[in-house]
Every structure is written in C-alpha cells, then in structure tokens.
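The sequence shown begins at 8 in our numbering and counts up one residue at a time.
Even for Gly, the Cβ is constructed at its ideal location relative to N, Cα and C.
Here the structure is a predicted model, which means the values were calculated and not measured.
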Amino acid sequence: MNRLTKLLSIQKPIIQAGMIWCSPWQLAAAVSNHGGLGIIGAGSMYPEVLDEHIAKCKAATSKPFGVNLPLLYPDIAKHIDIIIKHKVPVVITSAGNPKTWTAKLKAEGIIVIHVVSSSKFALKSEAAGVDAIVAEGFEAGGHNGREETTTLTLIPKVVESVKIPVIAAGGIATGKAMLAAMVLGADGVQIGSRFVVATESSAHASFKTSVLETDEGGTSLTLKEVTPVRLIKNEFFNQLQEAYSQNATPEELTNILGRGRAKKGMFEGDLKEGELEIGQVASMINEVKPAAEIMDEILHEFFEVKRQLNQGLFDF
C-alpha cells in the first residue's frame, strides 16, 4: 500500500480515466471490482443520465469509484448535487478552476483530484485544497495542455513541486510505462486509451476498431486555439488541417467543430466526420479485452520488469 492506494482505499494504483462517451458505469464497476479506481465520465452525460450511471455503479460494486467532472460543463451544479446525493467517494475535476467546487465537495467527505498539464497548475490545485493531482502529458488523448510537455518531463517536475500524491497520465498503457512513471515519482497512474477498447467501454465498436488500426503517428494534437484535443487523423481532422492552411480564426475553427462531434465519432461510430479522441499509445493497442484482463496484463508486466531490475538484469 502506498499513499495513493491508502487515500483512495483501493488495492492497485491504477485509475481508469473518465473518457467522454467511453466511461459508463459498467467500465467503472469492472475496474473498481478488480482493485483499481473506476471512473464514470460525466462530461458526456445529462444530469439524469449521470444519476442513473452512479446508481447502477453503486449496485454493481461495493468498492470505491469516482466521477470525472469537467468544470466547464454547463449543468455542473446539477452534477455536483447528484454526486453529493449519492455520496460518490471520489471526484476527478478537469478543464477549469479547482477552487470553484473543491471546498464544497470536500465538505461532503468527497476526495477531490484535479487534472493538470503543468507544475504551475499543480501548485494552484494544491493551494485550492485538492487531495491529489493527475499530471497529464502531451501524449494523452482527449483534451490536453497547450505546452506539449511530455509525461516523461512533466511527472518529475510536478512531483518536485507539490506535496500531495501525483498520478501520472498520458502514454501509459503497459506495465513498463506504469513502472517508469512510478520511478519518476508518481504514486500511481491514470489510464485512458487502453480502457477505451475494453469490453465494458461504451465506445462504438467501429471506433474501437479504428483505435486498434491506428499506427504510430496516426494521431495529432490540434485545435489548440479552441480546446486542445488529440485526434485520430480522419476526414474531419483533414478539414481542420485545410482550415489551418487558410489561416482560420478561432471562431472559424469553432464553427467547423460544431456541436456533438465527439459523440458522432466515438459513441455513434462515424469514422469520417466524427471527432476521434485517443492517445498516442493507440499504436501499441491491438486487442479488445475485459477491463480485468487489461489490468492483470499491465500489473503482470509491471512486477516482472521490477523483478528483473531487482535482479540486476539491466545493469551495465
């Protein structure tokens, strides 16, 4: 047990990311039941849908689970009320100022974790009273930092800056990557892309197939002027590139993005016009598996490589 597993009352320092359109109660419950921390992705849910998912997750697991809450969500006050009503143990906030809701959530006994992409915002989050930090590197899928700081660079800097537990995210889908993150000082890892293609994920089957078929270099961080996001290179991505070549303004880029683009791609399976958010590590993922098998695979490699290190097999 380390300070993160102790804080969260979990057995394994693996947190499933709250990916929009991909993180239903089924996935959260599966990860929590296997000793990690499962997360419901509230960013793609109306309040009544979130209410249903939390209720079903509570019925499916007796273990701690959490909700990922993008702070820019328009109906966030309703989400907060639902989370408090259900006494959700953990909330991971992102995309906004953690000062806004942290005190209210903590007053209800809820553990609050905030996602950052720099040590500057890690310090601000710690000052806001959060219990832990997710430090997410440039490799990550979905919304990302503008600075393009890689996980390898970000983690030791954040660990050096704050006193609270640090959870590494971005480009982590294997036991080797998990071990590397913890050697850099992380107390645990948050994994998104690998769980997107879990059996229990609500991602459309076509999107899961697209992830499995993504090669090295098949994703790119774009829309930094609007909201940074890493996408699979499809026809929609090409539209954006054409707009950039024409020196499109942020307003024009926003109009191209429109509404519901992520739902269209990730949940409904429109691989041409949809927004297909995934991390660089997609090129290393080649199979759909149940969440429990994914976790077992990661942990087996983690402990095997750790054993080899302890035996001096990598000495030179």
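- request: To the nearest angstrom, report how far apart P81 and N75 are at their CA atoms.
  value: 15 angstroms
**Asked** Taking the alpha-carbon positions, what's the N9 to D194 distance?
**Response** 7 angstroms
Exercise. Check whether the Cβ atoms of K271 and D277 sit closer than 7 angstroms, and answer yes or no.
Key: Yes. Within cutoff.
Between the region 141 to 150 and the region 168 to 179, can you find at least three pairs of beta-carbon atoms closer than 8 angstroms? yes
Would you call the region 277 to 289 in contact with the region 239 to 252, where contact means no fewer than 3 C-beta pairs closer than 8 angstroms?
yes
Residues bridged to R10 [DSSP beta-bridge criterion]: Paired residues: none, contrary to the question.
*Burial state of V190, where buried means 16 or more other Cβ atoms lie within 10 Å*: exposed
Checklist entry - Under the rule that 16 or more other beta-carbon atoms within 10 Å means buried, what is Q23, buried or exposed? => result buried
*Beta bridge counterpart(s) of P77 as assigned by DSSP*: S101
With the cut-off set at 7 angstroms, would you say G116 and E146 are in Cβ contact?
no
key: Contacts around L130, its chain only, beta-carbon distance under 6 angstroms, and the 5 residues preceding and following it disregarded   = S168
4 or more residues per run - each alpha helix (DSSP H) lying fully within the region 104 to 154: 109 to 114 and 126 to 134
Would you say L11 lies against chain D (beta-carbon separation less than 7 angstroms)? The chain labelled as chain D is not found in the depicted structure, where only one protein chain is given.
### Query
Could you give the distance in angstroms between the alpha-carbon of Q18 and the alpha-carbon of V38?
Counting only the Cα atoms, V38 lies some 11 angstroms from Q18.
Note to self: By alpha-carbon positions, which one of T181, V123 and A180 ends up nearest to T156?
What the structure shows: The residue among T181, V123 and A180 with its C-alpha nearest the C-alpha of T156 is V123.
Could you tell me which whole beta strand (DSSP E) segments of length 3 or greater appear in the region 198 to 281? Counting only runs of 3+ residues, the beta strand (DSSP E) found wholly inside the region 198 to 281 occupies 226 to 229 and 236 to 239, in chain order.
**Asked** Smallest Cα separation from L79: which of P96, F72, G45 and T100?
**Response** T100
**Request:** In angstroms with no decimal places, state the Cα-to-Cα distance between L320 and E308.
**Result:** 15 angstroms
*What are the boundary residues of the alpha helix (DSSP H) that includes V173?*
Looking at the DSSP string, V173 is not in any alpha helix (DSSP H); the run it does join, the beta strand (DSSP E), is V173 to A176.
* To do: State the beta-bridge partners of E167 as determined by DSSP.
  => E167 is not bridged to any residue.
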